[in-house]
Structures are given as C-alpha cells and as structure tokens.
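In the numbering used here, the protein residues as written are 2 to 92. Just so it is clear, CB atoms sit at the ideal spot from N, CA and C, and this is done for glycine as well. Structure first, then comments.
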C-alpha cells in the first residue's frame, strides 16, 4: 500500500506541474541514462521528461523503469483515475 501511495503522490505532482526543471526539483541532468542508475520512480520520471537521451522507456509508454521502479499496472490505474472527470475534481 505504501508503494501505491508513493507512486500516486509522485504522479499527481508530476501530472499537475507545468514545468519541472532542476530549479524546482532535487534532481538534475548529470549524464545518467539508465534505470540501474536511478534511485526512485520520481527520479526516473524527472530524467525521462527533462534530460537528453534517456534510455528508460523501452516501450515508449511514458512510464520509465517499469521493472525496477515504476510498476506499469499501478501507473495505468493512476492515469485512468486522473482522466476520469469526476475523480480529478476531488484531488
């Protein structure tokens, strides 16, 4: 349950941020490209969105490091919840 809560809060933060860059975040592009170099789903999402040539989303579905950090099943449920009109008003 903690993993679901953490992923939900990470996704909510990223989904409603207009601009996530190094000045707004604890992460910065430092040349890392691979999931094995990440320490969390949040970090992998940041690198995928902001850094050049990330190698973290092999199936190009927008979810990086699905085996190591970001479980795709959970992320899909979060995306579905956020795209349901009645649910987004309650966030």
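Annotation: the continuous alpha helix (DSSP H) that includes residue 47 extends over 42-51. Residue 34 is positioned such that its CB atom lies no closer than 8 angstroms to that of residue 65. Here residue 51 is not near residue 71, since their CB atoms are 8 angstroms or more apart. Going by DSSP, residue 73 is part of the alpha helix (DSSP H) stretching over 73-84.
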